[in-house]
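Those protein sequences? They're chains A and B, same order as listed. For reference, each letter of the first sequence is one residue, going 1076 to 1190 in my numbering. For reference, each letter of the second sequence is one residue, going 22 to 265 in my numbering. Note that CB positions come from ideal geometry on N, CA and C, so glycine has one too. Remarks on the structure that follows.
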Amino acid sequence: MPVRRYKRRYLAVQVEGARPRNARELEELVLNAILRLSGELGASSATIKVIEYDAERGVGIIRCPHLRMGLVRAALASITALDGRPTALHVVDVSGTLRALRKRLPSRLMRLPGQ
Amino acid sequence: MARRFADLRLACPVGREGLRVLMERAKAFGFSLVATPLEPTARPEGLEYLKRIASEVGVDLATRVDLAPEGRQELLRALRRLRRRFELIGVLCQNKEVARVAARDRRVDLLRFPLEPRRRFFDRSEAELASGSNCALEIELMPLFRLPAQHRILLLARLRDEVELAKDYGVPVVLSSGAEEPILMRRPRELAYLASELLGLRFEEALDALSTVPAEVVERNRAKLSPDFVAPGIRVIRRGSDCP
């Protein structure tokens, strides 16, 4: 039976401030942050993929290897601007399966005062 | 038991009402203890008002003042004047003289250093002094991302050395966001991941630096400021007619 070589983690991300226009822009933003933090070697080991992204609500799901989740979350926290406009990416939930994450997501979104 | 997270330096320059929004955000992010640098001239009734807002919001606010003295005398004068009025005193050590005096003085809670690698004086001697006086080393995370890359690289190397030294000498490390704008605030776990990736702390250590360590600093000072405090380890437990 084929066995997946590594576990994955799915991160639910809520964007505050300037929002990426689409999934590709979000992926680029996160990848650049990982590059800045740990260079090309780190970025190659933290293969991320934006599974879905709703630009209207600024909510997305990002997949990453579970052993590199720390790096990805650190990179997400280090993002402070998008095209010169202030932005923040908050991880609101983490799960090992997409199904569980999607089920919990509506209750995990934050209503941020002063937004 | 769930951790109670603390952000001891929300550095946003906001008025009283802005502070309410800041506290609401901190609560939404999962912090239960917050502190923001206040003016040394803040009056006791003003501090009470802020505490009241905090309790309405549902967070615990520790009153904090940050000092940036130029020399020994200025620091000692400020400590004499302010120690009994604020629950936390942070000292920005801009030169070696101030750094040494602050590290030795039990009235100082948090040692801060400028974001310039050459002006950070947390070396072995400083760590040894701080370990004897219960001062904690405070590291602000979010201002790092406002620095130019070259500057940040040098600073991160320096910060990793300081964390290593602090661990060797048993100096507590306190992590805070240092958010200068509300949008720079991050959830405690994100800050912990940042610290563990950038500063060489284990994830659990980073979580402690955001929860138990700052809480201990605040608790210790609150105990000292209480009218029942006599000396470390000695406090009044009954008074007057209460005594058998």
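Completely contained beta strand (DSSP E) runs for the region 69 to 147 of chain B, where each covers 3 or more residues = 81 to 88, 109 to 113 and 131 to 133
Which chain B residues sit within Cβ distance under 8 Å of A/G1145?
-> Y214, S217, E218 and F224
Should B/L131 and B/A157 be called a contact, given that it needs their Cβ atoms to be closer than 7 Å?
-> yes
Return the residue from the list B/S146, B/E137 and B/E108 that minimises the CA-CA distance to B/S125.
-> The question names Ser, but residue 125 of chain B in the sequence shown is Arg. When each option's Cα is compared against that of B/R125, the closest is B/S146.
Opposing strand residues paired with A/R1084 [DSSP bridges] = Beta-bridge pairing links A/R1084 to A/C1139.
Determine the extent of the beta strand (DSSP E) in which A/D1168 is found, giving its start and end residues.
-> R1160 to S1170
Taking 7 Å as the CB-CB cut-off, is B/R207 touching chain A?
-> yes
Selection from B/I74, B/E91 and B/L29 that minimises the alpha carbon distance to B/E201 | B/L29
Determine the direct distance from the alpha carbon of A/R1080 to that of B/K56, and round the result to whole angstroms.
-> One point to set straight first is that residue 56 of chain B is Ala, not Lys, in the sequence displayed. Taking the straight line from one Cα to the other gives about 45 Å.
Range of the contiguous beta strand (DSSP E) that encloses B/S197 = That run of the beta strand (DSSP E) goes V194 to S197.
Is it right to say B/R210 is buried, meaning 16 or more other beta carbons lie within 10 angstroms of its own, or is it exposed?
-> buried
Considering only residues of the same chain and omitting the five flanking positions on each side of A/I1123, which have a CB-CB separation below 8 Å?
-> E1102, V1105, L1106, I1109, I1137, R1138, C1139 and V1147
With 7 Å as the C-beta to C-beta threshold (strictly closer), list the residues of the region 57 to 82 of chain B near chain A in chain order.
-> none
Would you list the residues sitting across from B/P58 in a DSSP beta bridge?
-> B/P58 pairs with B/R85.
Name the residue from B/L150, B/R140, B/K117 and B/E38 whose alpha carbon lies nearest to the alpha carbon of B/R127.
-> B/L150
Could you give the distance in angstroms between the alpha-carbon of A/A1093 and the alpha-carbon of A/R1160?
-> 6 Å
Would you please verify whether the beta carbon of A/R1148 is less than 7 Å from any beta carbon of chain B?
-> yes
Under the three-state DSSP convention, the category B/S247 falls into | coil
What residue range is occupied by the uninterrupted alpha helix (DSSP H) comprising B/A157?
-> Note, B/A157: premise wrong, no alpha helix (DSSP H); beta strand (DSSP E) at A157 to E161.
Taking C-beta pairs closer than 8 Å, name the residues in chain B that A/L1151 reaches, listed in chain order.
-> E211
Taking just the CA atoms, how far does B/A27 sit from B/V257?
-> 29 Å
Could you check where the alpha helix (DSSP H) with B/F50 kicks off and where it finishes?
-> R37 to F50
For chain B, find out if any of its Cβ atoms is closer than 7 Å to the Cβ of A/P1161; answer yes or no.
-> yes
Does DSSP put B/S154 in a helix, in a strand, or in coil?
-> Looking at B/S154 - three-state DSSP - the assignment turns out to be helix.
Check the Cβ of B/A49 against every Cβ in chain A and list those closer than 9 Å, keeping chain order.
-> M1185, R1186, L1187 and P1188
Is it right to say A/M1076 is buried, meaning 16 or more other beta carbons lie within 10 angstroms of its own, or is it exposed?
-> Counting other Cβ atoms within 10 Å of its Cβ, A/M1076 stays below 16 and is therefore classed as exposed.
Identify the contact partners of B/I110 in chain A, using a Cβ-Cβ distance below 7 Å as the criterion.
-> What B/I110 touches in chain A: nothing, since even the nearest Cβ is about 28 Å away.
Below 6 Å CB to CB, which residues in the same chain sit around A/L1086 once its five sequence neighbours on both sides are set aside?
-> The beta carbon of A/L1086 is closer than 6 Å to those of I1137, V1166 and V1169 in its chain, skipping five residues each way along the sequence.
In chain A, what lies closer than 8 Å to B/I174 by C-beta?
-> In chain order: nothing, as chain A lies at least about 10 Å away.
According to the neighbour-count rule (16 or more other Cβ atoms, all chains shown, within 10 Å of its Cβ), is A/G1135 buried or exposed?
-> buried
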